[in-house]
Amino acid sequence: MDLVQFQKDRCKGCELCVGFCARGCLGMSDELNAIGYRYAKLVNPEKCTGCGVCADMCPDTVIRVFRKTKKVKSHV
Amino acid sequence: MDLVQFQKDRCKGCELCVGFCARGCLGMSDELNAIGYRYAKLVNPEKCTGCGVCADMCPDTVIRVFRKTKKVKSHV
Amino acid sequence: MIEEIIFAGFGGQGILLGGGLIAQAAMKDGLWATWFPSYGPEMRGGTCNCLVACSDDEIGSPIFNVYDTALIMNLPSLEKFGPMVHPGGLLMVNSSLIRVEKPRSDVRLVEVPVNDLAREAGSDRAANVVMVGAFCAVRSIVRPETVADVLREKFASKGPKVIDLNLRALEFGRRAVEGVTV
Amino acid sequence: MIEEIIFAGFGGQGILLGGGLIAQAAMKDGLWATWFPSYGPEMRGGTCNCLVACSDDEIGSPIFNVYDTALIMNLPSLEKFGPMVHPGGLLMVNSSLIRVEKPRSDVRLVEVPVNDLAREAGSDRAANVVMVGAFCAVRSIVRPETVADVLREKFASKGPKVIDLNLRALEFGRRAVEGVTV
Amino acid sequence: MAETLTNADVECVFERPHALIDRPHHYCPGCSHGIYHRLVAEMLDEFGLTDHTVGICPVGCSVLAYDYFVVDMIEASHGRAPAVATGVKRALPDAFVFTYQGDGDLASIGMSETVHAAARGENITVFFVNNGIYGMTGGQMAPTTLPGQKTTTSPKGREVGGMGHPIDMCKLLQSLPGVAFLARVPLSAPKHLKTARKYMRKAVQAQLEKKGFAMVEVLAACPVQWHMEPMAALRHVDENVAKVFPPGVFVDRVSAGSEERPAAGGGDGGVVRTETERQ
Amino acid sequence: MAETLTNADVECVFERPHALIDRPHHYCPGCSHGIYHRLVAEMLDEFGLTDHTVGICPVGCSVLAYDYFVVDMIEASHGRAPAVATGVKRALPDAFVFTYQGDGDLASIGMSETVHAAARGENITVFFVNNGIYGMTGGQMAPTTLPGQKTTTSPKGREVGGMGHPIDMCKLLQSLPGVAFLARVPLSAPKHLKTARKYMRKAVQAQLEKKGFAMVEVLAACPVQWHMEPMAALRHVDENVAKVFPPGVFVDRVSAGSEERPAAGGGDGGVVRTETERQ
Amino acid sequence: MSDTRRLVKGNEALAIGAVHGGCECFFGYPITPQNEVPELLSSLMPAHGRVFLQAESEVASINMIYGAAAAGKRAMSSSSSPGISLMMEGLSYIAGAELPCVLINVMRGGPGLGNIAASQSDYFQATKGGGHGDYRCICLAPWNVQEMYEHTRIAFDLADRYRVPVFVLADAVLGSMMEPADIPEQPPPIQPIEKPWATVGLNGRSKHNIVNSLYLEPEVLSDHNEKLQVCYRKITAQEQRFDTRLTEDAEYLLVAYGISARVAYSAAKLARAEGIRVGLFRPVTCWPYPSEALRKIMSRAKGTLVFELSAGQMLEDARLAAPGDHPVAFFGKMGGVLPTPAQVADEIRKFVEGLHG
Amino acid sequence: MSDTRRLVKGNEALAIGAVHGGCECFFGYPITPQNEVPELLSSLMPAHGRVFLQAESEVASINMIYGAAAAGKRAMSSSSSPGISLMMEGLSYIAGAELPCVLINVMRGGPGLGNIAASQSDYFQATKGGGHGDYRCICLAPWNVQEMYEHTRIAFDLADRYRVPVFVLADAVLGSMMEPADIPEQPPPIQPIEKPWATVGLNGRSKHNIVNSLYLEPEVLSDHNEKLQVCYRKITAQEQRFDTRLTEDAEYLLVAYGISARVAYSAAKLARAEGIRVGLFRPVTCWPYPSEALRKIMSRAKGTLVFELSAGQMLEDARLAAPGDHPVAFFGKMGGVLPTPAQVADEIRKFVEGLHG
Ligand SMILES: Cc1ncc(C[n+]2csc(CCOP(=O)(O)OP(=O)(O)O)c2C)c(N)n1
Ligand SMILES: Cc1ncc(C[n+]2csc(CCOP(=O)(O)OP(=O)(O)O)c2C)c(N)n1
Ligand code: SF4
Ligand code: SF4
Ligand code: SF4
Ligand code: SF4
Ligand code: SF4
Ligand code: SF4
Ligand SMILES: [Mg+2]
Ligand SMILES: [Mg+2]
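Residue numbers (our numbering), protein chains in the order written: chain A, 88 to 163; chain B, 88 to 163; chain C, 80 to 261; chain D, 80 to 261; chain E, 6 to 284; chain F, 6 to 284; chain G, 390 to 746; chain H, 390 to 746.
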């Protein structure tokens, strides 16, 4: 599963998440979603720290962010 | 002529002029005037300095104040 | 039967209260009654009057401009309302303050020195009650005893001294017109 | 004669302007014309359409819900307005974006790849003008030359490049339906 | 010992300003409205404004103010005088436009119009009469009623928990850049009248200089609805009201020196030479 | 290199607060209303208020806010939310009552209701969205529009001489003793959202402690009516808007420490663990 | 006559009526001639543990009512003509949101600032909707102090029953006059009405309540309006109230409401003394207007004279009620002038002569 | 057809009409669906050296108008239903003070917030007085973009001539639609009307002017009201305007105004195509209502169907105009729904069948 998940068809393509992700994890699609917008997506998942900033700045609460549990982290 | 003149029938008997005359020149009548009030009048004309305070504090602009002209003053 | 009364004077003479006494007593005596106040544009001072109607039947308009009885407490009121008394009506004037210069021949004029009597009773301010007392005696619309009851209730909280003063004023008014026939 | 047209798509496709071109040209051609816009509650995005009526007589209601002609720029509009074309009416769809799955047999369907043609003419944004050009050619309500005049006036301030682009788009639209009989 | 003087021997040092029509006011005995009216009229005289002034009076005890000033007057609906004044001033930019408003009018129902006229820097002069009560309607609580003060709608005294603290309009408006002049003064003693005149001159000057919104708030007495004798009412203003509403200048963007009486010839008449001028 | 993780391996660090209904908003792309909505919902979750809250939304772009919060909601007429809130709060003293208002709503037509609710110290919490424009009606000038800013009714830019300076509501209300908490923050960056949450907690706490009127003004972007891209709009907030409307706390009479997240258990759900909490 | 009669001012009776009607929240702004209402309630309401708040304006008052009514409380304001005009937007919102509330208008002379004497020139505003949109308010018109009390008391029940605003349309004379009224110490118990729609906080409820008058889609707003109209038709069917005097044998009809009806009643008696058989029809509800009853009585009479303290407002409703060519004439007074019964009797005479001349 | 025809939005035509009518001061507050009016005027007015000010509210707007009108200027505001409701107190003051002004109401769906679609449910408010007191406003109801321009332009003349407020009662469709309208570049010259009563400063005049609606004495206020009524009667005699289509041989009548009249006109043609001889009567002034003309036409017809975008408001005026037992039926739509001509034609058919069934 992606650690940053989008409700794709609710994205309005404002690009705020993309702009605020300091690590450049996010990008915009070329296609339009169901409501006619290019949508945001995770393009560099490996860089993601799970900081939540993208989700916080999303006006449409499109994004959910997960982090590996400590257990998993230590295990990795 | 009086140096402090009242439009007697316009006086509402509020006594502010009396209260504010520092020299105690003014007093109230016993009779009522045409509009039903006891009215203010000059009772100690000789004490009056023509300072105008009574007139200034009168809410109904009942009072006119005169002073002797310099000429008259020097003459007296 | 309907009796339409104006009680008129200037602010501070207890006009509204005086009229209220009559209306209250009328109610107690089982009559219909209305009371309506009226004042000039001034906040203080100026003219003041109230209209009181008492009737043994439901009362229509509480406002009227011709009167069965006029209770007149000062000169401007006499000038304004004196001419509006019905022929055959009753005109009661406060002779402490007013001299009736040209009495109308077609109305019953009763002069009562209400300020003097009030002072005698204990306070100038009870002049209105003196007038009510006199009115009750001249026209038997409301019973003086009922007015006395009303006064007792009204001033219950003010203590017996005030009540006594007012009852005295009422009585002085009544007595002042003793023998005056209606 | 009255021709009642809906021009429908989503915000940003120049729908309102496209309808305005037709109305303006109709006026220039001496017809009566009305234009009425309608959008969803969204400030941006969402559906957008306008109703245009052209007639040789005074026009009653500028609002109608059955159409002689529907100029359809996107799929939701086809779904919503396609069924509301009069039997025998004209349905023109933007085949760059829409594939008509079940064409109605009782209306004239004309498919025009307006986005492709617009891009060819110089800009995607002129798709609305392509559609107008096609419409003029299929239905002789307003003359394409008049539309061209309108475009020249409208974009006069924007310079010859913009005008040329639009005239090209208009022409591409006209040509795309050459031979299509009404 | 009274001397016998004739007209020729005396000069008048105080009489009714020309701008104040010579007729009795309807105000109660000792009401401060009368004094403030006269001061406003003095300003109109001093600055020679009577010929091109439009005054706006509100609903409140001063509802009949239109009968008292010689200038053109408009009666405004309750609280809206600043909007009416805006309409007039925009229509007639060269007219001198003033409003005269009570505290219920200006600070309660008219709050929005007041704040916005100030915020817009509307070139008008507001004469504000704060007597802490609704005089005209019979003594109800005003936004400026003091804590604990009994009124007909705060029969147990204003309880600030439920009814709020008194609103200090000068403090409220102080932050607005559109305000050119803002000051408060009690009308409770001759020396304060002197100050009032100073402020009022500034407030007139602000408009003449097109500097923006100007307001002079006076702490006024309403002896009748306060149930006090006039003298006691003025003492109450000094001792209690002025504590809650501290007098002073809150904003002054007007040219220096304009609190002085305008140069002779400015005035079109009216002998109003009070202490201030004569000392 | 993407690992394959399952639900069991991860914990959610950010998801929709429970108090925010799971449905799309009607707001334009990049509109700050969406962010502020979520923050409000977070507060309702955090403080466990959803069960006894009444929210009041205004006329403005957020007119449909009643569709977005799980709590009981009232749609108020334009500008009157504080009066409506007063009615609700007086009727239901134990309810948590908030308004959510735009700048046209709160600072233009609703000025009087705002000032008076503040002056009365009405125990309500106001979430104020200042985007410097009338969003809903198509981009007209607001009382908060910046000097020089072009809008559909100031086509040559706001000229402060005739149209007035922008109104700073925090500064305006600051002097009122009825105000318990008053602060302003831009919604233009993650760090500011952190601050916004702090302020909002205070503003909630003020009501819970019955301290009086509380308001948090956010500097918001309206990309559409500003004709800017969303990112550029937020930059504009930081670089220009925040200069005219300096952020900060203007009044704070709330108990210390209440800007922290309420103790666990206060919230009735919703995983909203943002930076603030996690660092 | 009852023991509980008191000599009381109309405005005071009205205030007591509010308390007895279960008014839980009062919001108002002072204005003559109704100041006794807030003044008395500023003591009575807190004494009963209820809410009294002097609002900063009438605009605020009506919106506070909107809030309190949304919260399920019996809420009321009182004002007079100019103040009521300021409430028109808020009132339309209240009606649109189907909230119950009670509004008192102690009418005074208009237009504009006018004066504080009795008038009936806000009839159109109260009955046809001074605000925007198709809404109606039940409108009760007391004619004596007793009804000032009763109407205000029952107004709360009516408002709650139908979820509509209810006007009590009084005037300066009724407000200021005193007369005996039968006002019990203990009010009759109130039948509380469930308000599951109220915004009081979820309190465990699963779906949130929304109080609202916005319906973006025309079809939906149309349905909402139709729902309102159904309610208004129901009220029209069930709540028409009127009073008649001397109508059994009446050849001519006087139609008047409120204070005018009292003058008219006296006038009718005067006219009868002159042999003119005139009766009085008094609408007690101005909306719903008692049209059916009036039409029935009119159809037995030769003509009708409408008397109002206005330029002719209720007149229109009387005309609309009139059968076929039934003549309806008008006598009005404006500006706070209350004519005497004799003047009205004169008008009756003239009208009757005109009919037969 | 003229050279000066432009394809223009109703709201824009209206704004130009204001400029051409000599509007000197505009004060307004944004509200949909009339925003093009202030938006356009925010450029046009300064360009013509006139006053444009966005007010802080509708309450402020109407009072700014009051001030500017008192100062002798042609002043106007524009709004839509809820905003107009907020102006009711101010409007009553303006009427009471005999000031001329122009008010635009681009009506939308109500009550309350309603929606922004076309409606005609503020007819009562505009014609019977939504404010307090006996006042009237001339009320013009355009039915096309041409009249949006014309009516606004002439409204200023009418206002000045009679010293009354004049409403232009439009709706969301008329405001937002475009159609060709004949709008000259140069407006016809304006005949200025002397305003010796205006408060502009004495400027040498010896008696001060007072703009006021306060008359403390009932008799004086009564006289003032009588003066207003005389003016209203004069307007009623001189300014009734209407339009008819297809009425010469009409057996049935449709009565409709504004946007409804356009639908009705199309419907009438449809009905005629089916053989129903129906004509259209269109009130152009809603007040004064063209009662005499309508009555005359009604008396030649078998029945009348009133069609409005409301629950039945203008209907009452049509009923009041109807002779004897002339049947007057009603078809209305609410909430912003504009029926199609076919739907209205259906109603005509049903009505006709009902008459004969
Ligand atoms: C819309 C409206 N609401 C209320 C009133 C009643 N009213 C007249 S004056 C007034 C308040 C007066 O108080 P203030 O402004 O302080 O003036 P003051 O009488 O104390 O000088 C009120 C409430 C009104 N005339 N109009
Ligand atoms: C009485 C009234 N006047 C005007 C309007 C029109 N109107 C709706 S929202 C609005 C202003 C919106 O601006 P703001 O409050 O700043 O909210 P935003 O849309 O910017 O979030 C206006 C003027 C209205 N609905 N009601
Ligand atoms: S959680 Fe942080 S790092 Fe990951 S995509 Fe979002 S903003 Fe970038
Ligand atoms: S911030 Fe949200 S709405 Fe905007 S692009 Fe990213 S996911 Fe989409
Ligand atoms: S002028 Fe001065 S001294 Fe003379 S009476 Fe007046 S106050 Fe007293
Ligand atoms: S101050 Fe004026 S009104 Fe008062 S008592 Fe003196 S003279 Fe009379
Ligand atoms: S009530 Fe008060 S403010 Fe009004 S006139 Fe009397 S004293 Fe002055
Ligand atoms: S118009 Fe502006 S405030 Fe309104 S939703 Fe769009 S971006 Fe947000
Ligand atoms: Mg005051
Ligand atoms: Mg905004």
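The beta-carbon is built from N, C-alpha and C at its ideal position, and this holds for glycine as well.
Is the shortest distance between the beta-carbon of residue i and the beta-carbons of chain G less than 8 Å?
i                      : result
residue 25 of chain F  : no
residue 138 of chain E : no
residue 214 of chain C : no
List the residues of chain F that residue i touches, going by C-beta distances under 7 Å, in chain order.
i                      : result
residue 176 of chain E : 180
Rounded to whole angstroms, how far is the Cβ of residue i from the Cβ of residue j, which I believe are closer than 8 Å?
i                      : j                      : result
residue 72 of chain E  : residue 28 of chain E  : 7 Å
residue 90 of chain D  : residue 127 of chain D : 5 Å
residue 458 of chain G : residue 483 of chain G : 7 Å
residue 189 of chain C : residue 217 of chain C : 6 Å
Taking only beta-carbon positions, decide if residue i is within less than 8 Å of chain E.
i                      : result
residue 390 of chain G : Confidence at residue 390 of chain G is low in this model, with a pLDDT of 43, below 50, so the placement of that residue is unreliable and no value is reported for it.
residue 144 of chain B : yes
residue 172 of chain F : yes
Of all the CB atoms in chain A, is at least one closer than 8 Å to the CB of residue i?
i                     : result
residue 16 of chain F : yes
Which bits of chain D does residue i rub up against, with CB to CB less than 7 Å?
i                      : result
residue 723 of chain H : Within chain D, no residue comes near residue 723 of chain H; the closest Cβ sits about 16 Å away, beyond 7 Å.
Are any of the Cβ atoms in chain F nearer than 8 Å to that of residue i?
i                      : result
residue 140 of chain A : yes
residue 88 of chain A  : yes
residue 112 of chain A : no
Is the shortest distance between the beta-carbon of residue i and the beta-carbons of chain H less than 8 Å?
i                      : result
residue 71 of chain E  : yes
residue 273 of chain E : Its pLDDT being 37, under 50, residue 273 of chain E is placed unreliably by the model, and nothing is read from it.
With a threshold of 8 Å between beta-carbons, can residue i be considered close to chain C, or not?
i                      : result
residue 550 of chain G : no
Give the interface partners of residue i over in chain F, defined as CB-CB distance under 9 Å, in chain order.
i                     : result
residue 93 of chain A : Neighbours of residue 93 of chain A on chain F: none; closest Cβ ~12 Å, over 9 Å.
I want to see whether chain D comes within less than 8 Å of residue i, judged by CB atoms only; does it?
i                      : result
residue 693 of chain H : no
Among the options, which one has its Cα closest to the Cα of residue i?
i                      : options                    : result
residue 736 of chain H : H/692, H/711, H/725, H/468 : H/692
residue 219 of chain E : E/231, E/52, E/188         : E/188
Identify every run of the alpha helix (DSSP H) within the stretch 553–593 of chain G, keeping only runs that are complete inside it and at least 4 residues long; order them along the chain. Restricting attention to alpha helix (DSSP H) runs no shorter than 4 residues, the stretch 553–593 of chain G encloses them at 561–565, ordered along the chain.
Return the chain-ordered ranges of every beta strand (DSSP E) run that is complete within the stretch 437–497 of chain H and spans a minimum of 3 residues. Secondary structure in the stretch 437–497 of chain H: the beta strand (DSSP E) runs of 3 residues or longer, each lying completely within the stretch, are 440–443, 464–468, 490–496 in chain order.
Within the stretch 596–683 of chain G, note down every full beta strand (DSSP E) run reaching 3 residues or more, in order along the chain. Segments of the beta strand (DSSP E) lying fully in the stretch 596–683 of chain G: 631–634, 641–644, 667–672, 674–676.
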